[in-house]
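Chains as they are written, first to last, in the working numbering: chain A, 1 to 286; chain B, 1 to 351; chain C, 1 to 297; chain D, 1 to 250. A virtual CB, placed ideally from N, CA and C, is assigned to each residue, including glycine. Quick notes on the structure that follows.
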Amino acid sequence: MVQQVIAGLQAGSTYAMLALAVVLILKATDVPNFATADMGLVPTFVLWQLMDSFGLSYWIALPAAIIFGMGLALVIERIAIRPILAESHFATVLMTIGIFVVLSAVIQLIWGSEPRRIEAPISGNFQIGGNFVTYDQLATIGLGALLTFALLRFFKSPWGIRMQAIAEDRVTPRLLGVRVDRVFSISWALAAAISTLAMTLHTQSTVLTDTAGAPLILKAFVAATMGGFGSILGAFLGGLALGVIANLAGFYIGTGSRAAVAMIFVVVILMAKPEGLFSKARPREV
Amino acid sequence: MAVDIDASTASKETGSGKKAGGLSRGSAGGPITAVRAAQLAGGLALLALAIVLPNLINPYRMFLATLIVVFATAGVGLVVIMGWTGQIALAHVAFMGIGAYGTNWLFSDLGIPWLVSLILSAFAAAVVGVLIGFPAARLRGFYLAIATLAFAELIVRFFVEVDTITGGIAGKPIEIIQLFGLAPDRSHWYIALMMAAVVFIATDRLGRTAFGRCLRMVRDAEIATGSLGISATQYKLLAFALSAFIAALAGGLFGQLLTYVSPDTFHTALLIQFLVVVFVGGITRLSGAIIGAIFVVVSRELFQDVGDWQRLVYGISLVLAVRFLPGGLTSLWSTLRSARSLRGVTQEAGA
Amino acid sequence: MSSPQTTATPVLDVRDVAVSFGGNHVLTGVDFDVTHPFTGLIGPNGAGKTTLFNVVSGYVAPSAGTVSLAGRDITGAAQTVVGRSGVGRTFQTPKLIGDITVLENVLLGIDGRSSLLDQAREAISLRGRGRANIDRALSVIDTFSLGDAAHLDAGSLPLGSQKIVEVCRALVSDPHLLLLDEPAAGLGVDDVERLVDPLKTWVTEHDMVVVIIEHDLELVNDLCDDVAVLHLGRIIARGTPQHCMSDPDVIEAYVGVDIDPEQIDLGETAAAAAGDGHDSEGRHHSDHGSGGHDGNA
Amino acid sequence: MAMLEINGLEAGYGRVQVLRGIDLAVNEGEIVSVLGANGVGKTTTLRAISGVIPTWKGTVAFDGTTFTNEVPEKRASYGLGHVPEGRGILTTLSVGQNLELGATLRKDGAKAVKADHDRVLTLFEPLAGRLDEPASQLSGGQQQMLAVGRALIGRPRLLMIDELSFGLAPLLVKELFTMIGDLRDEGTTFLLIEQHAGAVAISDRVYVVSGGRTVLESAADEIDSDQLVRSYLGDHDATLTANPSPTETT
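See the structure below:
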């Protein structure tokens with residue numbers, strides 16, 4: 001049981017980190033980013049390549065991969081997203097789905113479909129009260145919490161305030177001198193860094209494949225939904241809850257139910273309180 | 001004090017002379033009949049070609065032609081819910097799955113005639129569509145996208161679980177039908193044509209008349225529907241039902257073409273192909289579904305041997321369509337009516 | 001079916017209606033009855049005029065008070081119910097479908113009141129079934145001299161014509177009460193005439209009344225026999241246009257008081273009357289001035 | 001040369017033209033009011049000046065720089081402040097964070113910003129105790145104070161305010177206008193958009209806009225009150241045919 005909870009927390013922390021990336025971009029640019037997971041998966045493959053071909057150490061390859069991921073996000077934001085920002089979710093949902101397809105196809109073309117392993121710098125496990133905890137699990141859960149804390153702090157900083165301001169009102173902050181293009185760039189780059197960390201931790205504790213991203217996208221959105229899309233802390237807690245509940249369901253009911261539980265969750269939340277959980281629900285315009 | 005719609009006075013006022021145009025664009029007056037006749041002749045020629053086509057091309061090409069028709073038909077369902085009603089509904093291929101599995105189960109296991117099985121499955125899908133529509137009618141923008149994706153995931157999970165009907169995760173062969181003792185590929189072709197004809201003509205009529213106008217009102221100006229006495233929720237539910245019904249019809253035949261289906265058949269990869277169908281073709285027009293279906297099936301063939309490139313082509317075409325061609329390919333040759341279409345969709349979807 | 005109403009039962013009777021959003025009191029104790037063919041509803045920005053329309057047409061449920069249509073209580077009824085009971089309305093920015101024709105847009109006024117069965121029949125029948133509706137819609141369009149544009153996409157028309165199309169859409173179902181929300185905003189003088197002249201004729205020929213929110217007070221003066229002035233959620237004056245526009249309270253509401261530049265009195269008296277607690281306004285649900293600009297057009 | 005100079009400005013939304021020829025000038029140290037009924041294009045004028053909407057025709061020059069397609073944040077960085085219609089309070093932020101946002105353009109260090117911050121809180125006392133509250137909790141009047149205070153912290157050389165008096169009780173309006181007068185004396189230039197006569201009292205000069213055009217320019221103390229009233233209440237001829245008494249043409 002405890003073992004299952006810990007495994008659930010680890011999975012949940014991955015969902016939570018991806019949910020943070022979703023919320024970050026949604027808060028600043030009002031784009032629901034369905035390419036979140038694959039924007040982290042591409043740099044994860046870069047990390048693997050750097051370690052595999054150039055024999056770089058993990059601790060050098062990881063920052064390099066993060067920087068690569070941020071650069072990739074900046075390019076995507078600039079050429080694909082910014083031109084359609086004035087449009088609604090209809091266009092942005094489809095655009096990010098398209099970007100997801102392109103990224104996953106590119107991964108497939110470059111790296112193929114065979115599974116790979118990322119050699120984590122610290123491996124092994126320790127025991128607490130008869131339960132094994134791996135360092136990977138500890139790192140994933142810990143980093144999720146750390147990132148949540150850091151983002152909460154960030155939203156109190158000047159750039160964080162500007163980001164929230166732009167998310168609410170595209171005009172007024174600009175009248176006060178807020179450079180909206182910078183805000184967009186920062187939000188996408190930060191989100192990409194978080195996605196990269198999430199995907200790296202996720203794939204190093206499981207396996208690195210070209211299809212690692214797709215199943216996580218919906219889970220990230222489910223986590224964000226549970227937390228109420230505006231909230232950083234809510235997204236984190238939503239992710240953890242989702243991970244634990246799905247894992248326990250998988251253990252006690254059957255593996256097949258694991259994915260279904262997540263979906264039932266989001267459906268129930270959306271049905272029961274479709275507006276209540278969304279802090280960004282808009283007032284009706286008359 | 002009752003509302004009296006005084007139609008008689010009104011028509012007297014018009015004198016119903018030269019302006020008695022009717023709804024179809026530019027269908028008033030003399031030269032139009034010539035156009036109509038030409039259209040009719042063209043239509044008949046196409047029909048003749050369609051009937052003899054199996055004699056002209058090899059069975060594999062026949063399969064592709066049938067696939068195009070089936071994709072176009074399923075695309076019509078997406079045009080109804082996304083293009084006309086403005087709802088980001090992403091459970092479409094799951095409804096196709098209901099059609100494929102349901103039809104095969106009723107036909108093969110329960111011995112119900114195939115056509116009846118198909119229609120029963122389509123009604124079942126429509127019911128599921130309404131069930132999904134209930135929460136969906138209250139959601140906007142990407143919340144709806146997430147909810148429908150989650151529903152689609154649940155439906156696919158359901159396919160995995162009910163393995164006595166679906167064969168579970170491993171999938172199940174589809175019992176092939178033969179129409180009037182014709183070869184399967186011919187049977188499929190003629191059934192696909194008839195189904196497409198019914199779906200296209202019926203949907204086109206609905207789209208041009210009051211029902212279609214009310215759907216577009218929900219899309220472009222939901223806020224004003226109430227004051228016109230139009231219940232937005234009711235029309236959203238109907239659109240969901242109609243869209244699911246059409247998807248399941250196409251799905252039943254899609255299963256026949258594949259000869260073997262598994263739950264994964266009706267997952268993300270197929271959904272993306274359908275997004276390409278309608279957005280590259282043109283989301284607000286029925287003709288867009290045809291163009292898009294040709295595009296997808298042809299590029300599927302062209303990149304058959306280099307499977308990885310297929311996905312890339314779909315992804316890039318989706319991105320380019322959203323970015324540069326919001327009205328899809330069909331908007332290119334109806335430029336006059338273009339540019340507004342996706343904008344129209346997007347405006348209300350995001351408001 | 002004609003002649004101005006001076007019947008005992010007002011077509012619309014709003015009694016003691018209050019609306020607040022959160023702590024924001026948008027309407028407080030509003031009484032508003034409509035008996036004349038044209039009634040003007042005026043007042044400065046943020047007065048609550050559109051909110052009052054929203055209450056009448058079922059978009060906003062009042063927190064207190066009643067709304068009756070020809071003596072029938074419709075307080076809190078759903079929008080569709082109110083819409084089908086003979087109340088038509090327009091919006092500050094026209095809510096049309098851009099990619100279908102003007103005629104089709106006007107037909108929507110009939111569509112909303114037809115049953116699904118009728119809609120299915122219309123779709124099935126090849127000709128004839130929709131004919132009467134089309135003729136009726138065309139006659140309304142002709143009345144407002146838009147016959148030439150009937151088969152053009154509504155989105156391709158200039159704003160003025162779009163606003164007229166919206167009025168046609170509301171009129172085609174023969175409403176008893178038509179609520180016009182700033183019909184003249186953003187329109188040129190010609191457009192206003194194209195809208196108002198046929199409307200006057202229409203009203204004299206049909207059993208209906210019009211309530212009009214308008215900032216163009218000259219138009220209100222010209223059109224309305226009865227005017228209500230709303231300010232900070234209350235009716236502050238009622239009567240003929242001349243009466244209202246010379247009312248000191250109204251002038252004060254509009255320009256902030258007695259305007260003699262030598263001794264500007266910024267209105268301590270008014271402050272006492274209005275009270276400091278009423279300074280909250282309704283900017284989310286009220287009218288912004290600078291002519292139809294949300295880009296939907 | 002005037003600080004802000006606008007000649008023949010035309011602008012609008014989509015295909016709808018709202019401004020059909022706005023001419024106005026604001027000299028350093030002045031308070032200038034733009035008056036006019038609703039829907040005549042006052043708000044649109046401000047939006048075109050600060051770059052929220054593009055200029056179709058005509059010129060907008062600020063401090064000698066003629067704007068072409070500078071984005072709003074660029075124009076703001078030149079010292080052009082704009083309190084928009086509806087105040088633009090960011091309700092997802094706290095009162096203090098709203099003020100902090102106002103300091104976006106400040107480059108002269110935390111100390112100087114802090115001084116201005118304190119000064120704003122002295123000016124607008126009701127805000128002082130509520131810095132940590134969500135800005136949505138403020139009353140309309142306090143929101144207006146926050147909007148003006150937030151703009152002031154950015155130290156604009158010219159501050160444009162769209163309807164300071166909107167929806168506010170008369171007593172508060174009077175207070176705010178007095179404050180604007182004081183701030184002008186301390187060196188900020190103001191361009192006000194108003195319906196409220198109180199604006200005339202503190203203004204040096206007044207423009208009247210009708211139908212998207214400037215129809216009258218006058219020294220504030222020469223404005224004919226009766227004519228102003230009639231122009232608001234819809235008697236177009238009142239403004240159009242009145243003999244304007246233009247004072248200085250800059």
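Local conformation of residue i per DSSP, three classes
{"i": "B/Lys172", "result": "strand"}
{"i": "D/Leu183", "result": "helix"}
{"i": "D/Val40", "result": "coil"}
{"i": "B/Lys236", "result": "helix"}
{"i": "A/Ile253", "result": "coil"}
{"i": "D/Asn7", "result": "strand"}
{"i": "C/Glu262", "result": "Low per-residue confidence applies at C/Glu262: pLDDT is 34, beneath 50, and the placement is therefore not dependable enough to give any value."}
{"i": "B/Gln310", "result": "helix"}
{"i": "A/Ile232", "result": "helix"}
{"i": "B/Leu271", "result": "helix"}
Pick from the options that is closest to residue i, judged by C-alpha positions
{"i": "D/Val52", "options": "D/Val209, D/Arg20, D/Glu85, D/Asn98", "result": "D/Glu85"}
{"i": "C/Ala185", "options": "C/Glu104, C/Arg136, C/Gln92", "result": "C/Gln92"}
{"i": "B/Ser262", "options": "B/Lys172, B/Ala183, B/Tyr60, B/Val93", "result": "B/Lys172"}
{"i": "C/Val30", "options": "C/Thr80, C/Pro198, C/Val67", "result": "C/Val67"}
{"i": "A/Gly8", "options": "A/Thr225, A/Ser231, A/Leu208, A/Thr140", "result": "A/Thr140"}
{"i": "A/Val266", "options": "A/Ala192, A/Val102, A/Ala224", "result": "A/Ala224"}
{"i": "A/Pro173", "options": "D/His82, D/Leu9, D/Ser203", "result": "D/His82"}
{"i": "C/Gly155", "options": "B/Asp185, B/Val297, B/Asp220, B/Leu120", "result": "B/Asp220"}
{"i": "B/Val319", "options": "A/Ile67, A/Ile97, A/Thr29", "result": "A/Ile97"}
{"i": "C/His176", "options": "C/Phe32, C/Ser115, C/Ala120, C/Phe38", "result": "C/Phe38"}
{"i": "B/Phe142", "options": "A/Val23, A/Asp136, A/Leu109", "result": "A/Val23"}
{"i": "D/Gly181", "options": "D/Ala197, D/Gly79, D/Ala201, D/Ser218", "result": "D/Ala201"}
{"i": "A/Ala165", "options": "D/Leu93, D/Val34, D/Pro54", "result": "D/Leu93"}
{"i": "D/Glu194", "options": "D/Glu10, D/Leu46, D/Glu70, D/Arg15", "result": "D/Leu46"}
{"i": "C/Glu214", "options": "C/Asp181, C/Cys244, C/Met245, C/Val102", "result": "C/Asp181"}
{"i": "B/Ser331", "options": "B/Val278, B/Met96, B/Asp109", "result": "B/Val278"}
Proximal residues to residue i (C-beta, below 7 angstroms), its chain only, five neighbours per side dropped
{"i": "B/Ile81", "result": "Gln87, Ala89, Ala239, Phe240, Ser243"}
{"i": "B/Phe274", "result": "Ala74, Gly75, Leu78, His92, Val93"}
{"i": "C/Gln162", "result": "Pro94, Leu96, Ala154, Ala297"}
{"i": "B/Gln178", "result": "Pro184, Ser187"}
{"i": "B/Phe200", "result": "Val76, Leu286"}
Own chain, CB closer than 6 angstroms to residue i, minus 5 neighbours either side, in chain order
{"i": "D/Asn243", "result": "Here the model assigns D/Asn243 a pLDDT of 38, short of 50, so the residue's position is not dependable, and the following value carries that caveat. Nothing listed; no residue qualifies."}
{"i": "B/Ala152", "result": "Ala91, Ala94"}
{"i": "C/Asn54", "result": "Val60"}
{"i": "A/Arg182", "result": "none"}
{"i": "A/Ser104", "result": "Asp38"}
{"i": "A/Val46", "result": "Ala65, Phe68"}
{"i": "A/Pro121", "result": "Tyr58"}
Chain-order list of residues whose beta-carbon lies under 8 angstroms from that of residue i (same chain, five-residue window excluded)
{"i": "C/Gln119", "result": "Asp111"}
{"i": "D/Leu158", "result": "Met3, Leu4, Val26, Phe62, Gly79, Leu80, Gly81, Thr188, Thr189, Phe190, Leu191"}
Inset, instruction - With 8 angstroms as the limit, tell me which residues of the segment 136-164 of chain C have their beta carbon closer than that to any beta carbon of chain D; keep them in chain order. - result: Pro158, Leu159
Inset, instruction - Count the CB pairs spanning the segment 60-75 of chain D and the segment 165-176 of chain D that are closer than 8 angstroms, and state whether there are at least three. - result: no
Inset, instruction - Using a Cβ-Cβ cut-off of less than 9 angstroms, give me the residues of the segment 95-114 of chain C that come near chain B, in sequence order. - result: Lys95, Leu96, Ile97, Gly98, Asp99, Ile100, Thr101, Leu103, Glu104, Asn105, Leu107, Leu108, Gly109, Ile110, Asp111, Gly112, Arg113, Ser114
Legend entry - the segment 48-73 of chain D: positions lying closer than 8 angstroms to chain A by Cβ: Ser50, Val52, Val71, Pro72, Glu73
Legend entry - Residues of the segment 160-171 of chain D with Cβ closer than 8 angstroms to any Cβ of chain C, in chain order: Glu163, Ser165, Phe166, Gly167, Leu168, Ala169, Pro170, Leu171
Inset, instruction - Taking only beta carbons into account, state which residues of the segment 192-224 of chain B come closer than 7 angstroms to chain C, listed in chain order. - result: Arg205, Leu206, Thr209, Ala210, Phe211, Arg213, Cys214, Arg216, Met217, Asp220, Ala221, Ile223, Ala224
Inset, instruction - Report yes or no: do the segment 2-9 of chain D and the segment 48-65 of chain D share at least 3 C-beta pairs separated by less than 8 angstroms? - result: yes
Legend entry - the segment 278-289 of chain B / the segment 53-69 of chain B touching (three or more Cβ pairs under 8 angstroms): no
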